[in-house]
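In what follows, a structure is listed as structure tokens, so that the remarks can point back to it.
In the working numbering, the protein residues as written are 19 to 495.
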């Protein structure tokens with residue numbers, strides 16, 4: 019590649035990565051703001067904890083299926099268009115929640131959206147249904163965010179560097195969640211709980227600008243700018259490394275359409291046992307991830323006897339240690355030492371997470387608090403490695419022509435894990451105590467390690483297999 023072309027390519031690679039990170043941070047602005055606004059909504063509107071919990075659960079389930087459906091869309095149509103449309107629609111949904119009491123008033127002849135009983139607000143069913151429907155709809159819309167990111171990362175970065183770059187992008191989860199929680203906390207502390215609607219209006223307004231930023235900041239493929247596709251670059255690198263022409267394993271760069279695309283999708287995704295193994299592993303990994311994220315504060319206060327402010331600080335720290343540092347380290351190790359075999363890093367990190375969770379469980383409550391904090395932070399550090407890299411594995415194995423659909427399957431399994439980590443662990447903790455929760459969670463950690471170990475010797479990616487699939491289709495023609 020000529021120096022001028024290489025310089026332009028590098029510029030667009032980093033531009034794509036930065037725009038995707040900022041864009042996904044904005045997705046979190048209009049997703050995690052609901053959790054930050056929960057206490058104020060409960061106080062001002064009278065929406066109960068059970069109702070709010072149902073909204074969150076349905077949102078998560080719909081989000082998982084949406085990631086799969088929109089993954090198929092992202093593999094076939096404009097990625098930047100899909101991602102920017104999602105931000106635009108989510109902004110409108112957030113505005114709808116912001117003005118939900120007024121909207122209910124319009125459709126009920128001016129009657130209030132909530133009444134006061136014994137001095138406390140009680141939300142009307144109309145208001146509850148409206149907020150619930152809008153937030154569940156937002157769950158589907160948010161499934162339009164991740165698939166374009168997965169596809170664009172695989173379109174702009176070679177397999178040999180994808181783990182490192184996607185781990186950098188993955189930090190946008192924690193960055194976005196942290197910023198919006200701080201933003202909503204500032205708005206409520208500054209203007210009081212009556213300003214709960216600002217937690218939706220302000221992020222919604224930011225998302226409007228974000229939609230334009232994403233649409234005009236991204237390009238769907240390098241070839242749209244006259245640049246070589248990653249298939250060509252990887253093939254060039256393999257030839258330089260001494261591979262014979264017949265050994266070059268990258269997929270031809272042409273787009274697949276019609277029946278060719280369906281056949282390719284069936285063989286590389288739906289009929290690919292590695293994708294389903296990764297999906298099962300993702301289920302187990304997400305059980306541990308959500309256990310730490312959703313129940314961490316309860317562990318520390320009820321099981322270890324910590325004060326609530328210390329417990330919250332530890333869980334917040336674990337999110338930074340895991341969500342940012344853990345993913346960056348895992349990606350670097352994969353490309354630096356594992357020859358881009360992300361599944362091997364996933365195995366090592368899954369074992370580490372399981373051991374650290376066991377260490378946290380067995381640390382006596384009387385021990386110095388720093389010891390429990392260390393183990394739970396290290397559990398997060400290790401579990402966020404496979405949380406990020408299992409998606410990279412799916413992208414590598416399905417190739418950049420079908421990676422969004424493959425990641426969609428992992429998404430369904432990942433968010434289905436809330437049936438265990440949510441309702442399941444809540445039931446166990448209430449009826450059998452926290453020890454039962456730890457036993458089951460550690461069991462899933464062991465299961466994840468075993469499942470990932472079954473593909474230890476598999477190649478780093480599926481491009482060799484994909485090339486054979488395409489050649490077979492060309493011969494049949």
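Positions of the beta carbon are idealized from the N, C-alpha and C atoms, including for glycine.
In this structure, does DSSP put residue i in helix, strand or coil?
i: residue 510; result: Nothing about residue 510 can be reported from this structure: the residues present for the chain run from 19 to 495 only.
i: residue 245; result: coil
i: residue 476; result: coil
i: residue 462; result: helix
i: residue 49; result: coil
i: residue 493; result: helix
i: residue 439; result: helix
i: residue 383; result: coil
i: residue 176; result: coil
i: residue 420; result: coil
i: residue 327; result: helix
i: residue 65; result: coil
i: residue 289; result: coil
i: residue 33; result: helix
i: residue 300; result: helix
i: residue 96; result: coil
i: residue 484; result: helix
i: residue 74; result: helix
i: residue 359; result: coil
i: residue 39; result: helix
i: residue 264; result: Residue confidence is low: residue 264 scores 48 on pLDDT, short of 50, so the model does not pin down where it sits. Its coordinate-derived value is still stated next. Three-state DSSP puts residue 264 in a helix.
i: residue 20; result: coil
i: residue 341; result: helix
Figure out for me which residue from the options has the closest Cα to the Cα of residue i.
i: residue 63; options: 155, 98, 179 and 215; result: 215
i: residue 305; options: 387, 239, 459 and 417; result: 459
i: residue 57; options: 447, 206, 282 and 323; result: 206
i: residue 31; options: 241, 492, 91 and 301; result: 241
i: residue 307; options: 147, 162, 89 and 340; result: 340
i: residue 346; options: 444, 405, 442 and 230; result: 405
i: residue 160; options: 119, 283, 301 and 112; result: 112
i: residue 94; options: 418, 466 and 456; result: 418
i: residue 191; options: 181, 392, 324 and 163; result: 163
i: residue 329; options: 461, 78, 104 and 387; result: 387
i: residue 480; options: 72, 361 and 146; result: 361
i: residue 251; options: 20, 493 and 491; result: 20
i: residue 89; options: 169, 33 and 55; result: 169
i: residue 253; options: 492, 482, 487 and 488; result: 482
i: residue 292; options: 350, 492, 282 and 474; result: 474
i: residue 60; options: 211, 124 and 82; result: 211
What number of angstroms, rounded off, separates the C-alpha of residue i from the C-alpha of residue j?
i: residue 343; j: residue 46; result: 19 Å
i: residue 41; j: residue 49; result: 13 Å
i: residue 478; j: residue 424; result: 16 Å
i: residue 276; j: residue 249; result: 21 Å
i: residue 497; j: residue 416; result: In this structure the chain extends from 19 to 495, so residue 497 is not present and cannot be described.
i: residue 444; j: residue 235; result: 43 Å
i: residue 369; j: residue 397; result: 10 Å
i: residue 228; j: residue 167; result: 15 Å
i: residue 380; j: residue 217; result: 40 Å
i: residue 348; j: residue 185; result: 7 Å
i: residue 262; j: residue 392; result: Any reading at residue 262 must be qualified, since the residue scores a pLDDT of 48, below 50, and its modelled position is unreliable; the value itself is stated next. Rounded to whole angstroms, residue 262 to residue 392 spans 50 Å at the Cα level.
i: residue 174; j: residue 278; result: 23 Å
i: residue 326; j: residue 311; result: 15 Å
i: residue 264; j: residue 297; result: Caution is warranted here: a pLDDT of 48 is assigned to residue 264, below 50, making its placement in the model unreliable, and the coordinate value is therefore given only provisionally. Whole-angstrom Cα-Cα distance: 32 Å.
i: residue 53; j: residue 23; result: 46 Å
i: residue 171; j: residue 182; result: 11 Å
i: residue 103; j: residue 188; result: 21 Å
i: residue 394; j: residue 367; result: 14 Å
i: residue 357; j: residue 284; result: 27 Å
i: residue 456; j: residue 313; result: 11 Å
i: residue 26; j: residue 238; result: 16 Å
i: residue 233; j: residue 148; result: 30 Å
i: residue 410; j: residue 209; result: 43 Å
i: residue 351; j: residue 359; result: 10 Å
i: residue 199; j: residue 282; result: 42 Å
i: residue 36; j: residue 421; result: 20 Å
i: residue 289; j: residue 105; result: 33 Å
i: residue 294; j: residue 400; result: 22 Å
i: residue 118; j: residue 155; result: 14 Å
Report the CB separation of residue i from residue j in whole angstroms; it is logged as a contact under 8 Å.
i: residue 96; j: residue 122; result: Contact doesn't hold; Cβ gap of about 36 Å is too wide.
i: residue 363; j: residue 403; result: 6 Å
i: residue 109; j: residue 165; result: Their Cβ separation, rounded to whole angstroms, is 19 Å, which puts residue 109 and residue 165 out of contact at 8 Å.
i: residue 73; j: residue 150; result: 5 Å
i: residue 408; j: residue 428; result: 6 Å
i: residue 508; j: residue 194; result: For the chain, the structure presents residues 19 to 495; residue 508 sits outside this window and is missing.
i: residue 501; j: residue 115; result: An answer regarding residue 501 cannot be provided, because it is not within the stretch 19 to 495 covered by the chain.
i: residue 467; j: residue 365; result: 6 Å
i: residue 383; j: residue 451; result: Incorrect: roughly 14 Å between the Cβ atoms, too far for contact.
i: residue 497; j: residue 157; result: Residue 497 is absent from the structure shown; the chain starts at 19 and stops at 495.
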